[in-house]
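Q: If you read the sequence shown in our numbering, its first letter stands for residue 1, the second for the next number, and so on.
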Amino acid sequence: MTSLPQHPSEGSERLRPSVAVARAARTLAAAGVEASRAEAELLAAHVLGVPRGRLALADGLTADQLDRYDALVARRATREPLQHLTGSAGFRHLELAVGPGVFVPRPETELLAGWGVDRARLRPGVGETAGVGETAGVGETAGVGETAGVGETAGVCDGPLVVDLCSGSGAIALAVAQEVPAARVVAVERSPAALSWLRRNAADRAAAGDRPIEVVAADVTDPELLTGLTGRVDVLLCNPPYVPRAVLVPPEVAAHDPDEAVFGGADGLDVIRPVLARAAELLRPGGVLGVEHDDTHGAVLPALLAADGRYEAVEEHRDLAGRPRFATARRRRESVPAAPGHAEDTDGPRAWQTGSS
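What follows is the structure, given as structure tokens:
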């Protein structure tokens, strides 16, 4: 890393953030980091403990702060994720704790969460009473692999029942719980490492006053998943691992995001296929499903939903860049025979596109 034009010593003037940021931005750009200026500013704001928007008004960096800043910039230049360096990721109205072992939520997934929030708000009270998992309130924990309370009574909920599969950090589940306080939200995750982050975030949000969510440690491909909720779920959301195995991903993803949270088999659909099948069992008649997918699945996933025979009102949604991002459907009130065969994605290996996860 190029040395700074000046380095404050003890008792000297602080170094203006703009000077440090300009140098850091050049370093990050040379390392291939996109939005290098913005990330340099975010790291400086993190070190100074101020919002990025107030960085220009902040006091300069002390010698110790500059050393810390330099160290963070050097780590980011090796393509360690920005969110691992700051320890948090923004998602809708939330700041979530993230780090090694959990998938960092992407801005594109906010669209799926927003769709789920809107659909949950449309559902009148249904008086749910069946229990599912631990309530991740303040100070509560549960052992990895527990699916405590499945089918047991856990109190009455007069709002919609929302399930978030492949919950990871809890981004979707916690966003729904915050924005739809009447909702009962169940988050399902398999990975022990991700579960620790999920429980931490759930406890933090409960302490902040959001409605506590329920956490279930389970594999979403299990055909017996959440049997106590069969036919009762109003909104089911899922951001599964969906990147086809042959896709080349950025260093931040390849070296730091959990492999099992990124790749979905050869065609990216190994988790999606069983999720669609189980979701049809969990949803009540008229309940809705939203599943994020790879940008090559824009035709494949709607075809899979249509072929299942238990879904209607199938719709594909694009992200702000115009790429296919997630598909939605409604559970039929009466099933029809599934169409023969499966939709296939015939595209060959490709390179990662920004926002593909």
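The C-beta atom is built at its ideal place from N, Cα and C for all residues, glycine as well.
Bear in mind that the values here come from a model prediction, so they are computed numbers and not experimental data.
For residue 150, which of helix, strand or coil comes out of DSSP?
A: Any reading at residue 150 is ruled out, since the residue's pLDDT is 39, under 50, leaving its predicted position unreliable.
Q: DSSP puts residue 90 in a beta bridge; with which residues?
A: Paired residue(s): 95.
Q: Could you check if residue 18 is buried or exposed, using at least 16 other CB atoms within 10 Å of its CB as the buried criterion?
A: It is exposed - the Cβ of residue 18 has fewer than 16 other Cβ atoms within 10 Å.
Q: Tell me which residues share the same chain as residue 346 and place their Cβ nearer than 7 Å to its Cβ, disregarding the 5 neighbours each side in the sequence.
A: Confidence in residue 346 is poor, its pLDDT being 39 and thus under 50, which makes the residue's placement unreliable; the coordinate value appears in the next sentence. Answer for residue 346: no residue qualifies.
Q: So what's residue 47 in DSSP terms, helix, strand or just coil?
A: Three-state result, residue 47: helix.
Q: Our contact map puts residue 62 next to residue 239 with C-beta atoms below 8 Å; I'd like the distance itself, whole angstroms only.
A: About 41 Å separates the two Cβ atoms, so there is no contact after all.
Q: Count the other C-beta atoms from every protein chain shown that fall within 10 angstroms of the C-beta of residue 158, then say buried if there are 16 or more, exposed otherwise.
A: Classification for residue 158: exposed.
Q: Using the rule of at least 16 other Cβ atoms within 10 Å of the residue's Cβ for burial, across every protein chain shown, is residue 43 buried or exposed?
A: Buried, because 16 or more other Cβ atoms sit within 10 Å of the Cβ of residue 43.
Q: What residue from 250, 72, 309 has the CA that sits closest to residue 276's CA?
A: The shortest Cα separation from residue 276 among 250, 72, 309 belongs to 309.
Q: Could you check where the beta strand (DSSP E) with residue 286 kicks off and where it finishes?
A: Looking at the DSSP string, the run of the beta strand (DSSP E) that includes residue 286 is 283 to 292.
Q: Rounding to the nearest angstrom, what Cα-Cα distance links residue 282 and residue 80 in this structure?
A: If I take the Cα positions, the gap works out to 38 Å.
Q: Could you pull out every residue in the same chain whose Cβ sits closer than 8 Å to the Cβ of residue 86, ignoring the five residues on either side in sequence?
A: Hits under 8 Å: 42, 43, 46.
Q: Span of the alpha helix (DSSP H) holding residue 252?
A: That run of the alpha helix (DSSP H) goes 251 to 256.
Q: What would DSSP say about residue 312, mapped onto helix, strand or coil?
A: In this structure, residue 312 counts as strand in the three-state DSSP scheme.
Q: Evaluate the contact criterion for the region 283 to 300 versus the region 319 to 335: three or more CB pairs, one atom per stretch, below 8 Å.
A: Result yes; three or more Cβ-Cβ pairs closer than 8 Å.
Q: Given 8 Å as the limit, is there contact between the region 189 to 200 and the region 94 to 111, that is, 3 or more CB pairs closer than that?
A: The region 189 to 200 vs the region 94 to 111: in contact.
Q: Using C-beta distances below 7 Å, list every residue in its chain close to residue 305, excluding the 5 sequence neighbours before and after it, in chain order.
A: Contacts found: 276, 311, 314, 327, 329.
Q: Counting pairs of beta carbons, one from the region 213 to 233 and one from the region 168 to 187, are three or more of them closer than 8 Å?
A: The region 213 to 233 is in contact with the region 168 to 187.
Q: Provide the residue span of the alpha helix (DSSP H) that contains residue 192, from first to last.
A: Counting along the chain, the alpha helix (DSSP H) containing residue 192 begins and ends at 192 to 207.
Q: With H, G and I counted as helix, E and B as strand and the rest as coil, what does DSSP make of residue 15?
A: If DSSP states are grouped into helix, strand and coil, residue 15 belongs with the strands.
Q: Going by CA-CA distance only, name the one from 287, 242, 167 that's closest to residue 102.
A: Ranking the options by Cα distance to residue 102, first place goes to 167.
Q: Since residue 324 sits in a beta bridge, which residues does DSSP pair it with?
A: The partner list for residue 324 (beta bridge, DSSP) reads 318.
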